[in-house]
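Undergrad:
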Amino acid sequence: MARPDQLLLMVFVYLIGVLAGTATYTVAPPSLVSVSVGFGVYLPIALSVHYANEYADYETDRLTTRTRFSGGSGAFDRLAIDRQLAKYATIGTGILGGVLITVGVVTGVVSLFSGVLLCTIALLGWGYSVGPYPLAWNGLGEIDNALLGGVLLPWYGLSIAVDGSVPITSVLFFVPFGCAVFCNLLATTWPDRQADAAVGKFTLATQWPSSSLKRMYFSGVLGIILTTALAIYIGGLPLFVAIGMLAVTPLLFWSARQYTAQESPFPTVFVMLLFVTTQVISWAYLCIIY
Numbered sequence: 008m009a010r011p012d013q014l015l016l017m018v019f020v021y022l023i024g025v026l027a028g029t030a031t032y033t034v035a036p037p038s039l040v041s042v043s044v045g046f047g048v049y050l051p052i053a054l055s056v057h058y059a060n061e062y063a064d065y066e067t068d069r070l071t072t073r074t075r076f077s078g079g080s081g082a083f084d085r086l087a088i089d090r091q092l093a094k095y096a097t098i099g100t101g102i103l104g105g106v107l108i109t110v111g112v113v114t115g116v117v118s119l120f121s122g123v124l125l126c127t128i129a130l131l132g133w134g135y136s137v138g139p140y141p142l143a144w145n146g147l148g149e150i151d152n153a154l155l156g157g158v159l160l161p162w163y164g165l166s167i168a169v170d171g172s173v174p175i176t177s178v179l180f181f182v183p184f185g186c187a188v189f190c191n192l193l194a195t196t197w198p199d200r201q202a203d204a205a206v207g208k209f210t211l212a213t214q215w216p217s218s219s220l221k222r223m224y225f226s227g228v229l230g231i232i233l234t235t236a237l238a239i240y241i242g243g244l245p246l247f248v249a250i251g252m253l254a255v256t257p258l259l260f261w262s263a264r265q266y267t268a269q270e271s272p273f274p275t276v277f278v279m280l281l282f283v284t285t286q287v288i289s290w291a292y293l294c295i296i297y
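This note's numbering puts the first residue of the sequence shown at 8, with every later residue one more than the last.
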């Protein structure tokens, strides 16, 4: 049920945070062990959130046309897997994640700040698709996912790199990426809009006309530009990293023109992956020269 490409993307987004913390706030780089342990504590939470989404999207995935970037994993129909397995996997990995967070914080392996961030990630992740008010089913999933995957995950990586001594303004480093993730969510939910509407999952793509969705998409692109400027002047975002972000941003204006004009979310996904790659390279370069 887990999609390897999504798990790999999580690794790189986590790495962005680790590299950002190393380049800006540490005298010596964190050990490979501490970075690996940090991701190891996060991984069960990430899997639990993923399984919860698979469980909640069972009906949607059966109705929609699956692509590489939308429509769920397709594991239930393709492998004849019982839907309840996703439910048990959600609970099991969630419990494991909770135990690891608790042990990590108590033993000092993971800072209290990092532990709180992980708990927040878990709550927002589960809240995306399950619970009394699933956000993705009520028009709030796009914001939730942008905050979760675009801002909190890399900020967690930064907290691991600096061992919990996290300047609050450092969160601004990742808000531009959160805006990019928001645009990506708009694009990936577009192909599923009819199936989502049929099962009562009211994403923005099911509620708004294409013209409004396009305006929201352009707002996300402008948000990248504005929050990058804010991160430079208030958060101390290195200009080299900012230039890398802004160099990719014009491509999002191109993908915005493709949005709703075609079913495939590929243009937006491609640009978001470029955004991730640019950040990894930029932060890694600063780690090397400093």
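Just so it is clear, CB atoms sit at the ideal spot from N, CA and C, and this is done for glycine as well.
Relative to the C-alpha of G47, which residue among Y21, G242, L26 is closest?
TA: Y21
Undergrad: Name the two residues that bound the continuous alpha helix (DSSP H) containing D12.
TA: 11 to 32
Undergrad: Determine the burial state of T31: buried for a count of at least 16 other Cβ atoms within 10 Å of its Cβ, exposed for fewer.
TA: buried
Undergrad: How would you label L193, buried or exposed, when you count the other beta carbons within 10 angstroms and need 16 or more for buried?
TA: By the neighbour-count rule (16 or more Cβ atoms within 10 Å), L193 is buried.
Undergrad: Please classify Y266: does DSSP put it in a helix, a strand, or coil?
TA: Y266 carries a strand assignment under DSSP once its states are collapsed to helix, strand and coil.
Undergrad: What's the C-alpha gap between I150 and C190?
TA: So the alpha carbons of these two residues sit roughly 10 Å apart.
Undergrad: Which same chain residues end up closer than 8 Å to T114 when comparing Cβ atoms and leaving out the 5 residues on each side of it in sequence?
TA: Take T114, set aside five residues on each side of it, and no residue of its chain has a beta-carbon closer than 8 Å to its own.
Undergrad: If the criterion is Cβ atoms closer than 8 Å, does the pair V117 and G45 meet it?
TA: yes
Undergrad: Counting pairs of beta carbons, one from the segment 226 to 234 and one from the segment 163 to 173, are three or more of them closer than 8 Å?
TA: no
Undergrad: Short check: CB of S55 to CB of T100, under 8 Å?
TA: yes
Undergrad: Grab me the residues of M279's own chain with a C-beta within less than 6 Å of its C-beta, minus the 5 sequence neighbours each way, in chain order.
TA: A187, N191
Undergrad: Look at the alpha carbon of G157 and the alpha carbon of Q286, and state the distance between them as a whole number of angstroms.
TA: 12 Å
Undergrad: Exposed or buried, what is P245 when buried is set at 16 or more other beta-carbons lying within 10 Å of its beta-carbon?
TA: buried
Undergrad: Tell me the DSSP bridge mates of F209?
TA: N145.
Undergrad: Taking C-alpha atoms, which residue in P36, A63, A263, M17 lies nearest to Y140?
TA: A63
Undergrad: Are the CB atoms of Y292 and A263 nearer to each other than 8 Å?
TA: no
Undergrad: To the nearest angstrom, how far is it from the Cα of L130 to the Cα of P36?
TA: 30 Å
Undergrad: In the structure shown, what three-state DSSP assignment does S38 receive?
TA: coil
Undergrad: If you check the beta carbons only, do A205 and L70 fall under 8 Å apart?
TA: yes
Undergrad: So, are the CB atoms of P51 and L103 less than 8 Å apart?
TA: Cβ distance < 8 Å, so P51 and L103 count as in contact.
Undergrad: Where do the N-terminal and C-terminal ends of the alpha helix (DSSP H) with T109 fall, by residue?
TA: 90 to 114
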